[in-house]
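Protein chains in written order, with the working numbering: chain A, 2 to 309; chain B, 112 to 353.
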């Protein structure tokens with residue numbers, strides 16, 4: 002399966018609001034060939050962006066185009082787009098095979114049966130294709146949805162949380178597939194709120210936080226920004242006071258707070274802190290019971306990126 | 112018209128629970144028709160009474176509501192319509208296909224049982240069976256188009272449809288003469304009246320709306336509702352979990 006020549010998706014100053022609620026705020030981005038991860042916590046506006054890109058939502062301001070053509074009110078874009086929606090609902094009482102075949106027929110393909118067969122084989126659902134979709138696990142449903150998106154061999158794939166509900170083996174299989182689709186030169190955009198998913202397969206990344214486009218570009222660069230931000234840790238040890246004195250004397254921390262049964266530490270040089278902490282503990286005869294990041298929630302990481 | 116959309120709509124409309132719902136009222140009508148026949152013999156008057164009060168005023172709008180909203184509403188509610196909309200298909204052809212399927216289902220579950228019930232009770236007398244069946248058939252088309260439109264534009268289509276069919280047409284329409292002119296039921300009855308002919312008045316199978324006006328209004332509502340549903344489907348907003 003090779004892609005038709007893919008077109009670039011371009012969002013230019015796009016905002017979308019519902020009454021007084023701003024879902025997406027002045028976003029400009031370009032999604033090119035390869036795998037791009039759309040990362041952000043729940044409610045960040047990822048699904049809204051995918052709806053805008055797939056022509057299911059009009060921008061309140063700005064423009065969304067695919068290959069220079071507007072996506073809104075333009076049914077012809079669906080020849081180029083394969084969409085995996087986040088919602089699980091499909092048609093009741095229909096087998097996986099029928100469902101993929103119907104999608105092929107709706108695309109008015111010359112040989113819908115052959116296209117359905119290929120798409121189902123691509124997602125490795127051949128054995129279960131004869132079963133009704135209602136009997137599928139969530140992971141199987143995700144794969145059949147993926148087959149419907151692939152059935153017309155589109156150049157652009159928009160996948161809304163495609164890993165939801167998948168077990169580790171299914172996850173690996175889909176990751177391999179997305180890698181392969183990106184390698185074939187297709188535009189593959191998938192949304193996720195899980196950092197590790199994006200890290201494993203996305204060549205580039207777009208980060209959304211609270212409707213704003215927080216960061217964009219190569220994953221390694223964003224990872225570096227995330228890594229280099231001030232990190233907060235809580236530490237429990239056999240002698241918190243001695244450890245606090247040693248840490249504050251070192252340049253890797255900017256603040257140490259001594260509480261009744263633990264330390265709060267703000268590390269400015271994450272790499273040095275991680276290296277020095279065990280060495281200090283050993284040098285001062287202190288036993289470390291617990292070292293835990295205090296600010297590792299995605300929201301905090303993303304908020305830091307927004308502040309940059 | 113699109114054969115795949117028709118197949119999907121057909122499956123969804125005649126899914127287990129909805130099919131039972133669609134069968135209950137026609138079955139009651141047929142049972143009542145047999146009872147009437149056994150009690151009174153072949154007679155056009157009780158036939159016209161039953162077909163008018165139960166068939167045209169109750170069965171047709173109610174099944175029209177089930178078929179019209181059911182042809183697209185559940186797909187919009189659960190989001191599965193995205194698989195149809197994410198295709199290079201005209202939204203007007205999607206709506207038209209669904210309307211035709213809904214109207215065929217409605218013809219099978221309302222106009223046909225009305226025809227059979229009419230023949231059971233009155234035989235060929237005064238064209239009662241054919242008259243009521245024809246009126247139901249055309250009214251069914253208009254109901255399907257109107258309720259399909261409601262399903263596209265509002266998530267409360269069933270409630271709004273019930274208010275129209277039962278409150279506006281049945282209750283308000285019985286007392287307010289002006290309201291009768293804006294009633295699909297009365298437009299359908301104009302066709303019934305024409306087919307029954309001279310005995311229509313005796314059988315109380317008349318309509319306050321003139322035939323020409325009724326036909327024009329039926330066409331305007333059916334075509335207008337279908338076109339507007341297609342237009343609104345182009346801009347339909349699919350909700351997501353986010």
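Glycine included, every Cβ here is placed at the ideal spot set by N, Cα and C.
Since this is a predicted model, take the numbers as computed values, not measurements.
heavy atom of the ligand FMN below 7 Å from residue i C-beta
i                      : result
residue 291 of chain B : As far as ligands go, the structure on display features none, and thus does not contain the ligand FMN.
Closer than 8 Å to chain A by CB, residue i
i                      : result
residue 234 of chain B : no
residue 245 of chain B : no
residue 194 of chain B : yes
residue 201 of chain B : yes
residue 204 of chain B : no
residue 209 of chain B : no
residue 297 of chain B : no
residue 161 of chain B : no
residue 310 of chain B : no
residue 120 of chain B : no
residue 343 of chain B : no
residue 117 of chain B : no
residue 353 of chain B : For residue 353 of chain B, the predicted structure reports a pLDDT of 46, less than 50, and the residue's modelled location is therefore unreliable. The matter cannot be settled from this model.
residue 197 of chain B : yes
Extent of the continuous alpha helix (DSSP H) to which residue i belongs
i                      : result
residue 52 of chain A  : 47-54
residue 276 of chain A : 271-284
residue 219 of chain B : Here residue 219 of chain B belongs to no alpha helix (DSSP H), and DSSP marks it neither H nor E.
residue 241 of chain A : 241-249
residue 268 of chain A : Where residue 268 of chain A is concerned, there is no enclosing alpha helix (DSSP H), although the beta strand (DSSP E) it sits in stretches over 264-268.
residue 125 of chain B : Where residue 125 of chain B is concerned, there is no enclosing alpha helix (DSSP H), given that its DSSP letter is neither H nor E.
residue 255 of chain B : 239-264
residue 72 of chain A  : Per DSSP, residue 72 of chain A belongs to no alpha helix (DSSP H) and is neither H nor E.
Beta carbon proximity, residue i to chain B, threshold 8 Å
i                      : result
residue 57 of chain A  : yes
residue 216 of chain A : no
residue 82 of chain A  : yes
residue 74 of chain A  : yes
residue 86 of chain A  : yes
residue 90 of chain A  : yes
residue 201 of chain A : no
residue 94 of chain A  : yes
residue 143 of chain A : no
residue 79 of chain A  : yes
residue 3 of chain A   : Model confidence at residue 3 of chain A stands at a pLDDT of 47, short of 50, so the residue's coordinates are unreliable; what they give is reported in the following sentence. Chain B contact via Cβ: absent.
First through last residue of the beta strand (DSSP E) which encompasses residue i
i                      : result
residue 188 of chain B : Premise fails: residue 188 of chain B lies in the alpha helix (DSSP H), 184-189, not in any beta strand (DSSP E).
residue 169 of chain B : Neither: residue 169 of chain B is in no beta strand (DSSP E) and is coded neither H nor E.
residue 313 of chain A : Nothing about residue 313 of chain A can be reported from this structure: the residues present for chain A run from 2 to 309 only.
residue 294 of chain A : 289-294
residue 206 of chain A : 205-210
residue 215 of chain A : 213-219
residue 10 of chain A  : 10-19
residue 232 of chain A : 232-238
residue 287 of chain B : Counting along the chain, residue 287 of chain B falls outside any beta strand (DSSP E), and DSSP gives it neither H nor E.
residue 257 of chain A : 254-259
Distance CB(residue i)-CB(residue j) smaller than 8 Å
i                      : j                      : result
residue 40 of chain A  : residue 199 of chain A : yes
residue 213 of chain B : residue 259 of chain B : yes
residue 146 of chain A : residue 166 of chain A : no
residue 8 of chain A   : residue 77 of chain A  : no
residue 137 of chain B : residue 147 of chain B : no
residue 103 of chain A : residue 199 of chain B : no
residue 47 of chain A  : residue 188 of chain A : no
residue 16 of chain A  : residue 60 of chain A  : yes
residue 262 of chain B : residue 187 of chain B : yes
residue 307 of chain B : residue 332 of chain B : no
residue 336 of chain A : residue 254 of chain A : Outside the displayed span of chain A (2 to 309) sits residue 336 of chain A, for which this structure offers no information.
residue 388 of chain B : residue 255 of chain B : Absent from the structure is residue 388 of chain B, since the part of chain B shown begins at 112 and ends at 353.
residue 62 of chain A  : residue 20 of chain A  : no
residue 162 of chain B : residue 225 of chain B : yes
Cβ distance (whole Å) where residue i is taken to contact residue j below 8 Å
i                      : j                      : result
residue 101 of chain A : residue 149 of chain A : 6 Å
residue 164 of chain A : residue 175 of chain A : 7 Å
residue 162 of chain A : residue 87 of chain A  : 5 Å
residue 269 of chain B : residue 302 of chain B : About 27 Å; that fails the 8 Å criterion.
residue 153 of chain B : residue 244 of chain B : In fact, because the Cβ distance is near 17 Å, the residues do not count as touching under 8 Å.
residue 108 of chain A : residue 74 of chain A  : The Cβ separation is near 19 Å, so there is no contact.
residue 95 of chain A  : residue 134 of chain A : 6 Å
residue 363 of chain B : residue 165 of chain B : Not covered by the structure: residue 363 of chain B. The range shown for chain B is 112 to 353.
Within chain E, partners of residue i - CB distance below 9 Å
i                      : result
residue 129 of chain B : Absent from the structure is chain E; the protein chains it does hold are A and B.
Checklist entry - According to a CB-to-CB cut-off of less than 9 Å, which residues of the stretch 24-51 of chain A neighbour chain B? => result The stretch 24-51 of chain A vs chain B, Cβ under 9 Å: 24, 43, 44, 45, 46, 47, 48, 49 and 51.
Checklist entry - Of the residues that make up the stretch 146-165 of chain A, which ones have a beta carbon closer than 7 Å to any beta carbon in chain B? => result Residues passing the 7 Å Cβ filter: 149.
Item to check | Residues from the stretch 271-294 of chain B in contact with chain A, defined by Cβ distance under 9 Å | outcome: Hits within the stretch: zero.
Item to check | Contact set between the stretch 103-123 of chain A and chain B, restricted to residues whose Cβ is under 8 Å from the partner | outcome: The residues in question are 103, 104, 106, 107, 108 and 109.
Next on the checklist: Please list, in chain order, the residues of the stretch 252-270 of chain A that have any C-beta partner in chain B closer than 7 Å.
Outcome noted: For chain B, none of the residues of the stretch 252-270 of chain A brings a beta carbon within less than 7 Å of one of its beta carbons.
Item to check | Members of the stretch 313-333 of chain B near chain A, C-beta cut-off 7 Å | outcome: Going along the stretch 313-333 of chain B in chain order, one finds no residue with a Cβ nearer than 7 Å to chain A.
Checklist entry - For the stretch 241-266 of chain B, which residues have a CB atom closer than 7 Å to at least one CB atom of chain A, in sequence order? => result Answer set for the stretch 241-266 of chain B: empty.
Checklist entry - What are the residues of the stretch 165-192 of chain B that lie near chain A, defined by any Cβ-Cβ distance shorter than 7 Å? => result Under the 7 Å Cβ criterion, the stretch 165-192 of chain B contributes 189, 190 and 191.
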